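*Asks:* I have a structure here, written as structure tokens, and I will follow up with some questions on it.
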Amino acid sequence: MLSVFWGKQKYVTIKPREPSSGPVADGLWTRCPSCSSLLYTKELTKNLSVCDRCSHHFRMSAWDRVLHLLDADSFQEIDQDLEGGNPLGFSGYEQKLAKSREKTGLTEACLTGEGRLSGHQLVFGAIDFGFIGGTMGTVVGEKVCRAFEYALTKRLPVVMVSAGGGGARMHEGILSLMQMAKTSQAVERHSQAGLLYICVLTDPTMGGIYASFASLADIILAEPQALIGFAGPRVVEETIRQKLPSGFQRAEFALNNGMVDAIIERKELRKVLARLLLYHDRGGRQLC
Amino acid sequence: MLSVFWGKQKYVTIKPREPSSGPVADGLWTRCPSCSSLLYTKELTKNLSVCDRCSHHFRMSAWDRVLHLLDADSFQEIDQDLEGGNPLGFSGYEQKLAKSREKTGLTEACLTGEGRLSGHQLVFGAIDFGFIGGTMGTVVGEKVCRAFEYALTKRLPVVMVSAGGGGARMHEGILSLMQMAKTSQAVERHSQAGLLYICVLTDPTMGGIYASFASLADIILAEPQALIGFAGPRVVEETIRQKLPSGFQRAEFALNNGMVDAIIERKELRKVLARLLLYHDRGGRQLC
Amino acid sequence: MLNGVFEWEKPLIELEKKIEELRRFTKEEGIDFSAEIATLESRAENLRHDIYSRLTPWQKVMIARHPRRPTCLDYIELIFDDFFELHGDRTIRDDPAMVGGIALLEGRPVTVIGPQKGKDTKDNIARNFGLPHPEGYRKALRLMRQAEKFRRPIISLIDVVGAYPGIEAEQRGQGVVIAENIRQMSFLKVPIICVVTGEGGSGGALAIGVGDRILMLENAWYSVCSPEMCAQILWKDTKKAEEAAESLCLTAQDLLAWKVIDEIIPEPPGGAHRNHETVAMTLKEALLRHLQELEAQGADELVAKRIDRYRQIGVVW
Amino acid sequence: MLNGVFEWEKPLIELEKKIEELRRFTKEEGIDFSAEIATLESRAENLRHDIYSRLTPWQKVMIARHPRRPTCLDYIELIFDDFFELHGDRTIRDDPAMVGGIALLEGRPVTVIGPQKGKDTKDNIARNFGLPHPEGYRKALRLMRQAEKFRRPIISLIDVVGAYPGIEAEQRGQGVVIAENIRQMSFLKVPIICVVTGEGGSGGALAIGVGDRILMLENAWYSVCSPEMCAQILWKDTKKAEEAAESLCLTAQDLLAWKVIDEIIPEPPGGAHRNHETVAMTLKEALLRHLQELEAQGADELVAKRIDRYRQIGVVW
Ligand SMILES: [Zn+2]
Ligand SMILES: [Zn+2]
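Protein chains in written order, with my numbering: chain A, 345 to 632; chain B, 345 to 632; chain C, 32 to 348; chain D, 32 to 348.
Right, dumping it as structure tokens:
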């Protein structure tokens, strides 16, 4: 029944550019916002964008996540041509989209595809913070949805790396909000088939992304110090009119509050994911 | 499969005595433990054992619950001949049982049967605090279980009035504990058939009774000021070595903490139960 | 807004006052002003139509927030024959910002849930201005699951600017509970009718807003977040809320065009707060009509159609 | 008890020390004591058998509480090839008094849960002396439901004197969460093996103790409550705990006779704390054996038999 939607799309179609890579900083040197060390950008990139002095985890682009986590040359992007417009006619939105496309080389804030992680076939998705703060508009919602539907059809596990700053994308109004329902339902249909979904919460995972598909994983991992929550810290501070406790909405806070299964350092992430995929490979084979 | 157990019982069989009635006090006058008023016992009984000065709800015997809540002459007791022994050979237990039987006219702490409430056919059960503190041993567990199984067979709703001070009955050790599993399972089998179960938490509902069938009702009502909890207040006080906040583990505390659907004064209880039964009668008829 | 009167309706209010005065004169002094009254009444009629048919999005937001606008419990009182409120999330707290229970709609049992704003300052503080904590959403979910067990339809009355953004709410997983509600509500095997009666803001509204029919009152608003928050996030200036309201396409008319909602429930001229009974009866009629349609469907069909409804949003525009 | 040595084993410990000394003499001084050593060893053997085959219930309670007795994480470390701990109840807190996660048992994935006592004072404070709050039980339930989704067997390692009796624990519904765990565990469609490894006290143990096989270590105890609490409730005197231990029939041998448990896992002489590896390997063998039997059954058969098992308790004795 759902397959009728696969062909039915009025998106403008463009080709994605060559993948960009490297951490947020462009220069030769990058200053660590946590310990203020001046880091040689090339070294930082080699170190998975983690400060080797204080272990601060810099944000990573969606393509860098693919390069870091998936087996070399195993990733096949899906739905790369999906591109949205400006449904509400929100002033300035088209320019914003154009700038983000140029900056990131992505058509939208979400990158999805099929690949392998330590030999385990899976569907992989990553949100790119560089694209309008990694917010979820209709195309991101649609791509997340299709990734889970693709995984359901091929009976594959899903690993998502989420980093959506503002959560839902304001510029698409109610249509953005509805993506929370759409993606949550896609996750649940995948889950009802007994398939595994692991989500890695990276800095930042907030609002509409946190309150939908990112929270509904079987296993939820988080990177150290990642900001995780529903309401933004500034909104909370203005509402309660008092200073926020230190560490508020950080991954460690979420772990203590029971919202996260484990905090994993980036350099361990690939190994941990491989272990978890292995556990579920065997279980699936033996009993299904 | 479960019917094999119905005939298989090695309980000693005795006939129950005539129902006793009246509030806990026996004399002509009863002092209210809450406002210290001296109340004429006959008047107190007529007032459903509620103090007319301060509204303190006295404990009620299981038979008085039947007289109060069910339509006149509609109650047919079931399993009244079930009686337990002293499986662990716990010293002094037989005498305790004998004394409780004499005092309450019941064979055990639980009274169950079929009856009508404002015309609604149902299975009704009540725990009698006067019988070893209304604790749950194997016979209480068995009777609760059979009540739910009886209701399942006849597709009837269940209303339970729980008042088990110590929760599980020490004197039957592990066998008492296992009644928590047995009764919880009986409740769930009844529930899976789409049938209604309402529990009225009366003073006191603690320990093993609270942590099993009493907590698993679709709708949980409580009498004002009833003590409701898992660990006894003295145990909590000794563990944390500080004074308990006033109102701790009272019905109002449970309501604020989200554990109870509503607190209902005794004089309203029959009417409220009738309304709730009505809601579910109609739903059942229209849609099942 | 002064004494519940908006700036833009002042000419009308003054006209109405004048008509009232002339009527009193006619009665008390015996002078006949009927011709003048007729003229003024026709002018008022035109003005009323003029004002209320051309409300800006921001004006609608204002009307949706009117302190005398009917609350969830008002609608429950006016629409249903009987209501028994059920409390608690069975986990941590009973949240007074969310109410729910079993009600009779023309004699048939339904489960009703909804955020509850206060009637006055004291009530508002007790009800946290109608901003639910995670336990409020958890209570709503518990009652919806109960409804599913007993095959009762669910009616969700939505009037919430957003889920409460506080420290404890974040600690107790506001995001997780919203996701969980959305997920479970999507697959409940009973008819669900959601009505945006006032404000519909963000995940805090959607957490009780996944259904088979989404109705919306004429002057309600529903969007990804409140205009204030949108202005704050995009332009770092809450004073640009009016501009944000324009940009967000948050009116019932907009949402009907997007097929995000199914029907607009008309309000009396001037807004629902002018006449609680009229809007409640209009809503009741709509509820009965949609319920009848939904109950003709099997549970599996219901769920499949519900999922498809959301699956479509954003695919075609 | 002094330095982890019980009063009643002192004669044996002294004898063992003497043998050790004679051995050293033989080695260091070259004097041959082999005949004396043989005599003493045979005497020690007899004494050991004498003491440990006739332990009183209270002595077993003491052994079950030995500070060096293996904890849940010790067993996990010794029995499984790999273990990934999962945290949190997704509601309010991660309870360090309850651990759980996915482990490999001879290469096959299982879900393991269990209360965790501390290894020293600091650890004990962090882990609340292994007394779980409601969120601990909720975490365990979450992991068990996850196991059900992925058809993983569940292994519950029970060592808990009871659910924590504190103000917040009561506020957050200790009773409700225990009932909910019992109810849901009863109907999970995967094999569940419960092992009482140390203490099994009250609803706090049963909340993770409903299963298809209930195993129990030789010196573990399991009852409706701790001997101390029984003495307190019945005789208002915790000093009568030893008497209560006698009355409660709480040993593995008693429970096997009642058919409440299925098998006793033997401990090395002197108790599990004397040799973690041995007891862990014995337990591992039993787990594998029972798992093989259970996995031959279909999910529905499994649940039906599980329910019948509890249905029988107390019907016939
Ligand atoms: Zn650094
Ligand atoms: Zn009184």
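We put the CB at the ideal spot given by N, CA and C, even for glycine. Given the structure is predicted, the values throughout are model-derived calculations rather than measurements.
Going by other Cβ atoms of all chains shown within 10 Å of its Cβ, with 16 needed for buried, is Y384(B) buried or exposed?
*Replies:* The sequence position of residue 384(B) within the second sequence is 40, counting from 1. Classification for Y384(B): exposed.
*Asks:* Quick one: residues in its chain with C-beta nearer than 7 Å to the C-beta of S257(C), no 5 flanking neighbours on either side, listed in chain order?
*Replies:* As a working mapping, residue 257(C) is identified with position 226 in the third sequence. These residues qualify, in order along the chain: V192, G193, G232.
*Asks:* Leaving out five residues before and five after A272(C) in sequence, what residues of the same chain have Cβ atoms less than 6 Å from its Cβ?
*Replies:* By one-based count along the third sequence, residue 272(C) stands at place 241. So the list reads P258, E259, A262, once near-sequence residues are dropped.
*Asks:* Do the region 89-101 of chain C and the region 50-69 of chain C meet, that is, are 3 or more Cβ pairs less than 8 Å apart?
*Replies:* no
*Asks:* What residues from chain C crowd round R203(D), counting only those whose CB sits closer than 8 Å?
*Replies:* Taking the fourth sequence and counting its residues from 1, one reaches residue 203(D) at position 172. The contacting residues are T122, I123.
*Asks:* Might you give, ordered along the chain, the residues of its own chain that have their beta carbon closer than 6 Å to the beta carbon of R158(C), omitting 5 neighbours on each side?
*Replies:* Counted from its first residue, the third sequence places residue 158(C) at position 127. Closer than 6 Å at the Cβ level, and outside the excluded window around R158(C), lie P127, A128, Q147, G149.
*Asks:* Could you give the DSSP three-state label for R244(C): helix, strand or coil?
*Replies:* The residue given as residue 244(C) occupies position 213 in the third sequence. Three-state DSSP puts R244(C) in a strand.
*Asks:* Pick helix, strand or coil for G131(D), following the three-state DSSP scheme.
*Replies:* Reading the fourth sequence from its first residue, position 100 is the one you call residue 131(D). G131(D) sits in a strand when the DSSP states are folded into three classes.
*Asks:* Please identify the residue among A238(C), I239(C), G234(C) whose C-alpha is closest to the C-alpha of G551(A).
*Replies:* Translated into positions along the first sequence, residue 551(A) becomes position 207. Checking every option, the nearest Cα to that of G551(A) belongs to G234(C).
*Asks:* Say the cut is 7 Å; is the CB of H400(A) nearer than that to a heavy atom of ligand 1?
*Replies:* Translated into the one-based positions of the first sequence, residue 400(A) becomes position 56. Yes, since a heavy atom of ligand 1 falls inside the 7 Å radius drawn around the Cβ of H400(A).
*Asks:* Rounding to the nearest angstrom, what Cα-Cα distance links L392(A) and A618(A) in this structure?
*Replies:* For the purposes of this step, residue 392(A) is taken as residue 48 along the first sequence, with counting starting at 1. For the purposes of this step, residue 618(A) is taken as residue 274 along the first sequence, with counting starting at 1. Straight-line measurement puts the Cα of A618(A) at about 18 Å from the Cα of L392(A).
*Asks:* Counting only C-beta atoms, is A194(D) closer than 8 Å to chain B at any point?
*Replies:* Counting from one through the fourth sequence, the residue named residue 194(D) turns up at place 163. Yes, A194(D) counts as interfacial toward chain B.
*Asks:* Could you check if K48(C) is buried or exposed, using at least 16 other CB atoms within 10 Å of its CB as the buried criterion?
*Replies:* Position 17 of the third sequence holds residue 48(C). Exposure of K48(C) is indicated by the presence of fewer than 16 other C-beta atoms within 10 angstroms of its C-beta.
*Asks:* At the 8 Å Cβ level, is M216(D) part of the contact set with chain C, yes or no?
*Replies:* As a first step, residue 216(D) must be located in the fourth sequence, where it is residue number 185. Judged by the 8 Å Cβ criterion, M216(D) is not in contact with chain C.
*Asks:* Verify the contact flag: S393(A), CB atom, against every heavy atom of ligand 1, threshold strictly below 7 Å.
*Replies:* Sequence index remark: in the first sequence, residue 393(A) carries index 49 (1-based). Because no heavy atom of ligand 1 lies under 7 Å away, the Cβ of S393(A) does not count as near it: no.
*Asks:* Name the two residues that bound the continuous beta strand (DSSP E) containing I608(A).
*Replies:* Within the first sequence, numbered from 1, the residue matching residue 608(A) stands at position 264. It is not in any beta strand (DSSP E) - I608(A) carries neither H nor E in the DSSP assignment.
*Asks:* Cutting at 8 Å between CB atoms, please list the residues of its own chain near L8(C), excluding the five before and the five after it.
*Replies:* One cannot answer for residue 8(C) here, as it falls past the ends of chain C, which runs 32 to 348.
*Asks:* Put A566(B) into one of helix, strand or coil per three-state DSSP.
*Replies:* Walking along the second sequence from the start, residue 566(B) turns up at place 222. Residue state, collapsed to three classes: strand.
*Asks:* Does the beta carbon of L539(A) sit closer than 8 Å to a beta carbon anywhere in chain C?
*Replies:* Residue numbering aside, residue 539(A) sits at position 195 when the first sequence is read from its first letter. So, not an interface residue.
*Asks:* Just to confirm my understanding: we take T122(C), look at its own chain, exclude 5 residues before and 5 after, and list those with CB closer than 8 Å. What are they?
*Replies:* Translated into positions along the third sequence, residue 122(C) becomes position 91. For T122(C), where only same-chain residues beyond five positions count, the Cβ hits under 8 Å are E166, R169.
*Asks:* Quick check on E67(D) - is its C-beta less than 8 Å from some C-beta in chain A?
*Replies:* Here residue 67(D) refers to the residue found at position 36 when the fourth sequence is read from its first residue. No - not a single Cβ of chain A is within 8 Å of the one on E67(D).
*Asks:* Between R594(A) and ligand 1, is the CB less than 7 Å from at least one heavy atom?
*Replies:* Sequence index remark: in the first sequence, residue 594(A) carries index 250 (1-based). No - ligand 1 has no heavy atom lying nearer than 7 Å to the Cβ of R594(A).
*Asks:* Pull the bridge partners of A512(A) from the DSSP assignment, please.
*Replies:* Within the first sequence, numbered from 1, the residue matching residue 512(A) stands at position 168. A512(A) is bridged to M480(A).
*Asks:* List the residues of chain D that A606(A) touches, going by C-beta distances under 8 Å, in chain order.
*Replies:* By 1-based counting over the first sequence, the position of residue 606(A) is 262. Under the 8 Å cutoff, chain D gives F115, E116, L117, H118.
*Asks:* Comparing the C-beta of K587(B) with each C-beta of chain D, is any distance below 8 Å?
*Replies:* What you label residue 587(B) is simply residue 243 of the second sequence in a count that begins at 1. Not one chain D Cβ lies under 8 Å of K587(B).
*Asks:* Is R610(B) near ligand 2, judged by its Cβ being under 7 Å from some heavy atom?
*Replies:* Position 266 of the second sequence holds residue 610(B). No, Cβ of R610(B) sits at least 7 Å from all heavy atoms of ligand 2.
*Asks:* Mapping the DSSP letters down to three states, classify W252(D) as helix, strand or coil.
*Replies:* The residue labelled residue 252(D) in the question sits at position 221 within the fourth sequence. Looking at W252(D) - three-state DSSP - the assignment turns out to be strand.
*Asks:* Taking one C-beta from the region 370-384 of chain B and one from the region 503-514 of chain B each time, how about it: are there three or more such pairs within less than 8 Å?
*Replies:* no
*Asks:* Between which two residues does the beta strand (DSSP E) holding I295(C) run?
*Replies:* Position 264 of the third sequence, counted from the first residue, corresponds to residue 295(C). Taken as a continuous stretch (DSSP letters only), the beta strand (DSSP E) holding I295(C) covers 294-296.
*Asks:* With a floor of 3 residues, list each beta strand (DSSP E) that falls wholly inside the region 529-564 of chain A, ordered by position along the chain.
*Replies:* 541-545
*Asks:* Quick check: is any heavy atom of ligand 2 less than 7 Å from the C-beta of R397(B)?
*Replies:* By 1-based counting over the second sequence, the position of residue 397(B) is 53. At least one heavy atom of ligand 2 is nearer than 7 Å to the Cβ of R397(B), so yes.
*Asks:* P367(B): buried (16+ other C-beta within 10 angstroms of its C-beta) or exposed?
*Replies:* Reading the second sequence from its first residue, position 23 is the one you call residue 367(B). Note that P367(B) scores 43 on pLDDT, short of 50, meaning its location in the model is unreliable and no value can be drawn from it.
*Asks:* State yes or no: is the C-beta of S254(C) nearer than 7 Å to some heavy atom of ligand 3?
*Replies:* Because ligand 3 does not appear in the structure shown, any question about it cannot be addressed here, the ligands present being ligand 1 and ligand 2.
*Asks:* What in chain A is Cβ-close to M260(C), meaning under 8 Å?
*Replies:* Here residue 260(C) refers to the residue found at position 229 when the third sequence is read from its first residue. The contacting residues are V579.
*Asks:* Give a yes or no on whether the minimum CB-CB distance between N430(A) and chain D is below 8 Å.
*Replies:* As a first step, residue 430(A) must be located in the first sequence, where it is residue number 86. Taking Cβ atoms only, chain D never reaches closer than 8 Å to N430(A), which makes this a no.
*Asks:* Using 7 Å as the cut-off, classify the Cβ of S381(A) as near or not near the heavy atoms of ligand 1, replying yes or no.
*Replies:* Numbered from 1 along the first sequence, position 37 holds the residue referred to as residue 381(A). Yes, ligand 1 has a heavy atom inside 7 Å of this Cβ.
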